[in-house]
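Numbering (my numbering), first residue to last: 426 to 996.
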DNA sequence: GCCGTTTTCGGCCCGACTGTTTTCAGTCG
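Below, the structure is given as structure tokens:
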């Protein structure tokens with residue numbers, strides 16, 4: 426039973442309660458508990474074994490008891506009770522844009538709607554208009570909502586959303602005068618996938634900004650347009666929302682629209698208990714605006730230091746801020762080299778010298794060339810003979826750019842053994858061991874496999890540990906806590922693969938590993954010089970995982986990095 | 001259902017926009 430499974434159940438309970446018209450605060454309590462569990466750095470089961478469920482924020486006696494039952498039996502009677510009589514398909518309807526719990530309940534009660542097909546039929550027969558508060562427009566909006574739901578628009582990758590947002594910002598800036606402009610929302614928090622893109626602007630002339638936004642060439646349609654808010658559908662397939670505010674509210678709005686929702690709720694309850702009110706317009710004491718121009722002002726008014734957007738998930742950051750123990754998060758400039766790069770020798774597009782030169786231009790002092798091993802045939806992995814030749818060739822280079830470490834990305838075979846024998850591994854400065862096959866193995870098999878690789882005395886790092894491809898391939902199933910313990914015991918690092926489709930370890934994994942004291946290596950897995958710039962996404966994930974510079978091997982200068990790598994070899 | 005240097009009971013974040021409304025409910029973020 427994974428934490429994600431438990432979080433899903435709690436979300437589902439919240440959905441059911443909402444449709445049933447239960448107390449909104451009770452619903453919120455379940456959602457809060459779900460989000461806490463989802464971002465836990467440890468398996469819930471282990472916390473339960475220690476009898477510490479109720480120490481988790483947002484989890485009291487009631488939910489703890491239910492978690493107990495669910496973890497022990499895989500079943501929850503309470504859920505069966507509340508959901509009896511509610512068709513499964515009804516809950517899915519909550520994901521249809523325009524439909525909320527009230528509407529879903531009404532559709533079920535009055536029209537006997539049980540799922541998306543029933544709903545579509547009712548819309549086609551214009552039966553929604555019979556309902557109180559419904560007219561032709563609402564019916565038409567719901568029709569569009571159904572189409573969107575059916576299209577199943579998957580969330581964008583961070584790596585696609587960020588450049589898209591940056592291009593929108595450029596469009597707005599070139600079309601109207603803005604004092605300040607930024608993206609906000611989950612994008613600013615650098616979540617691995619993004620639903621809608623939020624952009625925020627401060628301007629003395631909001632109408633001009635709205636006009637520039639809604640008429641940009643990439644705006645396929647305008648979904649809504651008010652005085653301070655507008656939404657468009659962007660040609661790249663995303664919905665982009667814009668809000669325009671006055672400069673004295675910009676910081677408060679940026680704070681507010683960056684979220685997360687849970688972070689904001691927590692923050693606002695702090696404000697309420699201090700006799701203050703926080704909205705997107707500022708922090709108020711009574712009618713008086715006391716802060717709002719910058720985010721720093723807003724947090725300061727609440728007695729807090731500024732909190733980096735990446736950790737605003739209400740997963741302990743507010744408490745840490747109050748107690749003055751916020752982490753000093755890793756920054757892109759801390760990274761001194763890129764440890765996982767491919768070249769023309771396997772499936773890359775550029776040579777080692779070209780990679781070194783590009784890395785040098787970025788200010789890196791070293792890179793590690795780590796082409797694939799023999800078993801990765803599609804990637805033209807190097808068989809032992811070609812590998813030996815490559816090692817000799819790379820050793821002779823004296824690059825003018827970043828120094829070149831000689832490494833390899835070695836396949837972890839299904840039984841946990843490695844794709845090269847020790848005689849080759851011994852010659853390498855840095856050995857990354859990665860899973861590229863047999864993704865369907867059981868949890869026990871994968872765990873054993875990764876543990877065996879991480880225990881190998883010649884392996885420095887486990888590459889993209891879960892082997893997932895976001896939106897395309899599920900992560901392999903394994904016990905992360907066990908892998909972390911083994912890595913710690915054997916001085917093996919875990920990779921934070923910065924490729925936007927991987928981001929692996931993910932944020933939760935980073936937090937668990939770093940908290941345990943396991944070293945991390947941030948790498949782009951670049952297959953060309955242009956992909957070296959993907960490092961910022963790895964840094965984003967590490968920051969979301971509360972990672973500080975000291976936890977990262979490739980934040981070390983070259984000489985100290987070499988010492989660390991040698992330490993492992995000496996055992 | 002959770003939570004407490006004002007509270008173990010009575011609170012629980014706040015506002016824009018839309019569509020349907022003569023004053024507001026629902027959805028969204």
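Cβ coordinates follow ideal geometry from the N, Cα and C atoms, glycine included.
Can you give me the Cβ contacts of residue i inside the same chain, cut-off strictly under 8 Å, excluding the 5 residues immediately before and after it?
| i | result |
| --- | --- |
| residue 451 | 442 |
| residue 606 | 594, 597, 598, 624, 625, 626 and 627 |
| residue 761 | 789, 790, 791, 979, 980, 981, 982, 983 and 986 |
| residue 971 | 736, 752, 754, 935, 936, 939 and 940 |
| residue 701 | 708, 709, 710, 715, 726 and 727 |
Which residues in the same chain have their Cβ closer than 6 Å to the Cβ of residue i, if we skip the five residues on either side of it in sequence?
| i | result |
| --- | --- |
| residue 611 | 619 |
| residue 439 | 452, 455 and 456 |
| residue 703 | 693 and 696 |
| residue 740 | 464 |
| residue 782 | 826 |
| residue 532 | 538 |
Would the beta-carbon of residue i fall within 8 Å of that of residue j?
| i | j | result |
| --- | --- | --- |
| residue 637 | residue 623 | no |
| residue 879 | residue 843 | no |
| residue 708 | residue 678 | no |
| residue 473 | residue 501 | no |
| residue 517 | residue 488 | no |
| residue 653 | residue 665 | no |
| residue 444 | residue 536 | no |
| residue 980 | residue 974 | yes |
| residue 570 | residue 631 | no |
| residue 864 | residue 793 | no |
| residue 368 | residue 737 | The structure shown does not extend to residue 368, since the chain is modelled only from 426 to 996, so the question has no answer here. |
| residue 551 | residue 565 | no |
| residue 780 | residue 766 | yes |
| residue 866 | residue 890 | no |
| residue 732 | residue 755 | no |
| residue 907 | residue 860 | no |
| residue 583 | residue 925 | yes |
| residue 829 | residue 777 | yes |
| residue 567 | residue 553 | yes |
| residue 902 | residue 927 | no |
Mark residue i as exposed unless 16 or more other C-beta atoms lie within 10 angstroms of its C-beta, in which case mark it buried.
| i | result |
| --- | --- |
| residue 775 | buried |
| residue 922 | buried |
| residue 649 | exposed |
| residue 851 | exposed |
| residue 520 | exposed |
| residue 931 | buried |
| residue 968 | buried |
| residue 936 | buried |
| residue 963 | buried |
| residue 656 | buried |
| residue 956 | buried |
| residue 645 | exposed |
| residue 448 | exposed |
| residue 722 | buried |
| residue 717 | buried |
| residue 823 | exposed |
| residue 428 | buried |
So what does DSSP say about residue i, is it helix, strand or coil?
| i | result |
| --- | --- |
| residue 704 | strand |
| residue 463 | helix |
| residue 832 | strand |
| residue 549 | helix |
| residue 854 | coil |
| residue 504 | helix |
| residue 762 | strand |
| residue 845 | coil |
| residue 520 | helix |
| residue 922 | strand |
| residue 797 | strand |
| residue 426 | coil |
| residue 627 | strand |
| residue 670 | strand |
| residue 932 | helix |
| residue 457 | helix |
Given residue i, which residues of its chain have a CB within under 7 Å of its CB, disregarding the five upstream and five downstream residues?
| i | result |
| --- | --- |
| residue 426 | 470, 496 and 499 |
| residue 806 | 771, 797, 798, 799 and 800 |
| residue 804 | 771, 772 and 797 |
| residue 884 | 856, 858, 878 and 917 |
| residue 1009 | No statement about residue 1009 is possible, as the shown extent of the chain runs from 426 to 996 and does not include it. |
| residue 482 | 461 |
For residue i, is the beta carbon positioned less than 7 Å from some heavy atom of the ligand MN?
| i | result |
| --- | --- |
| residue 668 | Although the ligand MN was asked about, the structure shown includes no ligands whatsoever. |
(message) I want to know whether the region 769 to 789 touches the region 809 to 823 - three or more CB-CB distances under 8 Å.
(response) yes
(message) Measuring CB atoms only, is the region 936 to 951 touching the region 907 to 925, in the sense that at least three cross pairs come out at less than 8 Å?
(response) These segments touch.
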